[in-house]
Amino acid sequence: MASRGRDEDKKRLSEILSIQDLRSVSHSKMDQMAREYYDGGAGDGVTLKDNEAAYDRFIIRPRYLRDVSQCDPSTSLLDHPLTMPLGIAAAAMMKLAHPDGESAVARAAADFGSVVCLSTFSTTSLEDVHKAATTTTSMSGKRPCFLQLYIFQNRETTIKMLNRAMKAGYDAIALTIDSPYIGRRYNEVRNHFKLPSHLKLGNFEENSGVKVGGENLMEDIESKSRKQPDRYDPSLEWDKDIQWLRSVCGNMQIWLKGILTAEDAELALHHGVDGIIVSNHGGRQLDHVPSTLEALPEVVDVIRGRIPVHVDGGIRRGSDVFKAICLGADLCWVGRPILWGLAVAGQDGVRRALDILLEEFELTMKLAGCTHVKQLSRRMLAKRDAMGYQSRL
Ligand SMILES: Cc1cc2nc3c(=O)[nH]c(=O)nc-3n(C[C@H](O)[C@H](O)[C@H](O)COP(=O)(O)O)c2cc1C
Ligand SMILES: CC(C)CC(=O)C(=O)O
1 MASRGRDEDK KRLSEILSIQ DLRSVSHSKM DQMAREYYDG GAGDGVTLKD
51 NEAAYDRFII RPRYLRDVSQ CDPSTSLLDH PLTMPLGIAA AAMMKLAHPD
101 GESAVARAAA DFGSVVCLST FSTTSLEDVH KAATTTTSMS GKRPCFLQLY
151 IFQNRETTIK MLNRAMKAGY DAIALTIDSP YIGRRYNEVR NHFKLPSHLK
201 LGNFEENSGV KVGGENLMED IESKSRKQPD RYDPSLEWDK DIQWLRSVCG
251 NMQIWLKGIL TAEDAELALH HGVDGIIVSN HGGRQLDHVP STLEALPEVV
301 DVIRGRIPVH VDGGIRRGSD VFKAICLGAD LCWVGRPILW GLAVAGQDGV
351 RRALDILLEE FELTMKLAGC THVKQLSRRM LAKRDAMGYQ SRL
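Counting from 1, one number per residue, gives the positions in the sequence shown under the UniProt record's numbering.
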């Protein structure tokens, strides 16, 4: 019976041709609370929509007669090979989409040759996910693994988690800097978002004081009235806290997730972080901030290749990956497309999402006259505006 189910899933998956198809099919697989938590954003969703729309404002300037019979879409991260410049962004509570949750995502990433960034609020323990993410049947050698970090007011909670991550073998932590408080998300309030009782957070003990859900999404984390309150620390600052983090991270690299301006990119460099991710949290935090594709060039221009610059938000096609790399990103992380794949068919659905993005990326490279990721540059793009298009960036 189980194998018949998997065969049916495979047939259904082969009929899914794009990430938009995957998104539509995923909607019938989740209840309203999970669907709206995954798909929604903060406020009126202006930034959420703009993340995707920004990709349509850039046009590709293809070059022809350049022998594209061989094309290599691969790259590397922390000395590990990647099949293409694509990683799986941190997303909380993946078991809301599928019972196999984070482990299924990590296995699909390992087999494909991608990298996973695990959320602090995973529904699987960081040890189990590291095992799944680094055990691969098809890529040789060790796989890279990131842990996304929220720093709690009770620093012991954070230190315990970092010690577990070091012991498990994580390569890097990505500190999310755009969330001193959680954005205003109407869906979560209306749906009384709560982690269902059969699911548990994988990285905290029952008595840690960390929980998700209540009258609104963050009520438990942000409540000061709990007996053992433990919430995000909104007092984080460049000078004291990046240094503190360095002192408790051992050999793990420190990346910052959520940079949107040249000023903060400069500060990140000054404070010696190992890499940055241009991100607006998929439009889930402050509404009306810039789309990440449009924030990317000013960050790249300040960093000038001294540390890696990654980007996430609104990436739904291989051509979107192409455009972000042309604008100077070293790697793109995708969030919701992976959740949609997971909801549709667990590990196989995640693999389908990754395969679609790879096929589209490789074809875009070839049709634009590129055979290697290093050839992608700003000269290959133009920006559309109300008057037509501007041919040089
Ligand atoms: C359902 C969901 C949960 C998320 N949870 C986290 C999280 O726990 N920590 C974090 O730093 N970012 C989180 N993010 C943001 C993602 O890491 C990423 O920035 C965003 O999803 C990228 O945009 P995209 O979904 O359009 O690809 C979450 C995003 C979604 C959609
Ligand atoms: C609010 C957290 C539990 C997870 C998160 O960062 C998100 O939902 O965007």
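We treat Cβ as the ideally placed atom computed from N, Cα and C, and that holds for glycine. Please read these numbers as outputs of a predicted model, since none were measured by experiment.
- Short of 6 angstroms from the beta carbon of residue 183, and not among the five residues preceding or following it, lie these beta carbons of its own chain, in chain order: 42, 284, 285.
- Of the candidates 144, 162, 65, 32, 144 places its Cα closest to the Cα of residue 78.
- If you draw a straight line from the Cα of residue 102 to the Cα of residue 280, it comes to about 22 angstroms.
- Between ligand 1 and residue 161, a heavy atom-to-CB distance of less than 8 angstroms is absent.
- Remark: C-beta atoms of residue 161 and residue 195 do not approach each other more closely than 9 angstroms.
- Between the alpha carbons of residue 164 and residue 93 lies a gap of roughly 19 angstroms.
- The beta-carbon separation of residue 50 and residue 336, rounded to 15 angstroms, does not stay under the 8 angstroms limit for a contact.
- Shortest Cα-Cα distance from residue 276 to any of 14, 254, 44 involves 254.
- Taking 4 residues as the shortest admissible run, the stretch 66–113 contains the following complete alpha helix (DSSP H) segments, listed from N- to C-terminal end: 101–112.
- When the alpha-carbon of residue 11 is set against those of 382, 345, 357, 387, the nearest one is in 345.
- A Cβ-Cβ contact shorter than 9 angstroms links residue 321 with residue 85.
- Going by C-alpha positions, residue 265 is about 21 angstroms away from residue 54.
- The continuous stretches of alpha helix (DSSP H) do not include residue 199, and DSSP gives it neither H nor E.
- For residue 17, there is no enclosing beta strand (DSSP E), as DSSP gives it neither H nor E.
- Distances between the C-beta of residue 310 and the heavy atoms of ligand 1 are all 8 angstroms or more.
- Per DSSP, residue 281 has no beta-bridge partner at all.
- Distances from the CA of residue 197 to each of 367, 96, 363 were compared; the closest alpha carbon is that of 96.
- With a threshold of 8 angstroms, the Cβ atom of residue 120 counts as near ligand 1, since some heavy atom of the ligand is closer than that.
- Cβ contact annotation for residue 360 (same chain, cutoff 7 angstroms, sequence separation greater than five): 317, 318, 319, in chain order.
- Approximately 19 angstroms separates the beta-carbon atoms of residue 349 and residue 118; this is outside 8 angstroms, ruling out the contact.
- Buried is the label assigned to residue 191, since at least 16 other Cβ atoms lie within 10 Å of its Cβ.
- Counting only residues of its own chain and dropping the five nearest sequence neighbours on each side, residue 106 has a CB closer than 6 angstroms to the CB of 116, 129, 132, 133.
- Distance from the C-beta of residue 37 to the nearest heavy atom of ligand 2 is below 8 angstroms.
- Contact between the stretch 27–34 and the stretch 166–178 is absent, with fewer than three C-beta pairs closer than 8 angstroms.
- For residue 38, there is no enclosing beta strand (DSSP E); the residue is found in the alpha helix (DSSP H) stretching over 32–39.
- No Cβ-Cβ contact shorter than 9 angstroms links residue 380 with residue 73.
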